[in-house]
Amino acid sequence: ETGVTQSPTHLIKTRGQQVTLRCSSQSGHNTVSWYQQALGQGPQFIFQYYREEENGRGNFPPRFSGLQFPNYSSELNVNALELDDSALYLCASSFANREEQFFGPGTRLTVL
Amino acid sequence: GESVGLHLPTLSVQEGDNSIINCAYSNSASDYFIWYKQESGKGPQFIIDIRSNMDKRQGQRVTVLLNKTVKHLSLQIAATQPGDSAVYFCAENPNNAGNMLTFGGGTRLMVKP
Chain A
163 ETGVTQSPTH
173 LIKTRGQQVT
183 LRCSSQSGHN
193 TVSWYQQALG
203 QGPQFIFQYY
213 REEENGRGNF
223 PPRFSGLQFP
233 NYSSELNVNA
243 LELDDSALYL
253 CASSFANREE
263 QFFGPGTRLT
273 VL
Chain B
291 GESVGLHLPT
301 LSVQEGDNSI
311 INCAYSNSAS
321 DYFIWYKQES
331 GKGPQFIIDI
341 RSNMDKRQGQ
351 RVTVLLNKTV
361 KHLSLQIAAT
371 QPGDSAVYFC
381 AENPNNAGNM
391 LTFGGGTRLM
401 VKP
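Chain order of the listed sequences is A and B. The numbering used here numbers the first residue of the first sequence as 163 and each following residue consecutively. The numbering used here numbers the first residue of the second sequence as 291 and each following residue consecutively.
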């Protein structure tokens, strides 16, 4: 186990709703990255947070937003949910400037 | 658990044989590459990494080879075991700064007892 935890494990929402997913980093890690993994595909980078600031963003619309807290835990918020948002959402923590990332088990989001 | 990689290419090997999983990466400026293993219902697990100033790196039962000329990465698993059955992803760091990874599409490894 990596020490990275995510909640909830599974979530079902309907189109148009909003969702918040949570991640607790491995102890001592100050960087959190979020990824979306559609079924049968590799993870796609959403964004990264370092010291509570967004530190890079992938090709995702503004309705995907995030937060990082002083204890380095993080949230991913998605507004106006669409059917294509159904996926496994992964967070990964790391030390800044070190590439090795440790992934949590993910949250499976289903949008109906 | 959930199923990862329903439509991924599949490599089927006999227990005890060696496995070779291949990956083509996209960005010639990437200088860091990682292989991850993902079992059903779990997040990706780090296996081995390599930097672009190396051609080969060995770990315990695993070897990663990097060919920058053709932008190709491979993962070799020696004496494959049933516990190696999983989906394997290669990832690259295209920004050469920070930890933003671009993942490949993945390969499912099935080990026959």
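Cβ atoms here follow ideal geometry from the backbone N, Cα and C, with glycine treated the same way. Fair warning: this is a prediction, and the values are worked out from it, not measured in the lab.
Can you find a CB in chain A that lies within less than 9 Å of the CB of N383(B)? yes
Could you tell me which of Q328(B), P299(B), C313(B) sits nearest to V377(B), measuring between CA atoms? Q328(B)
Going by C-alpha to C-alpha distance, which of P403(B), S330(B), N308(B) sits closest to P372(B)? P403(B)
Suppose you measure from the CA of L271(A) to the CA of W196(A); what does that come to, to the nearest Å? 14 Å
Check whether G333(B) and Q203(A) have beta carbons under 9 Å apart: no
Taking Cβ-Cβ distances below 8 Å as the criterion, which residues of the stretch 335 to 349 of chain B are in contact with chain A? Q335, F336, D339
Chain A within 9 Å of G333(B), Cβ atoms only: yes
Step through the CB atoms of chain A and report whether any lies within less than 9 Å of the CB of T392(B). yes
Just the C-alpha distance for N317(B) and L391(B), rounded to the nearest angstrom, thanks. 11 Å
Quick one: give me the first and last residue of the beta strand (DSSP E) that T334(A) is part of. Absent from the model: residue 334(A). The displayed extent of chain A is 163 to 274, so no value can be given.
Taking DSSP as the reference, what is the three-state secondary structure of D374(B)? helix
Rounding to the nearest angstrom, what Cα-Cα distance links G220(A) and M344(B) in this structure? 28 Å
Tell me which residues share the same chain as G218(A) and place their Cβ nearer than 6 Å to its Cβ, disregarding the 5 neighbours each side in the sequence. Q210
Report the neighbours of Y322(B) on chain A: residues whose CB is nearer than 9 Å to its CB, in chain order. E261
If you run the structure through DSSP and keep just helix, strand and coil, what is L201(A)? coil
Please report the straight-line C-alpha distance between P267(A) and S235(A), rounded to a whole angstrom. 15 Å
Which residue's Cα is closest to the Cα of D307(B): V352(B), Q348(B), F336(B)? V352(B)
Three or more beta-carbon pairs under 8 Å between the stretch 298 to 315 of chain B and the stretch 188 to 195 of chain A, yes or no? no
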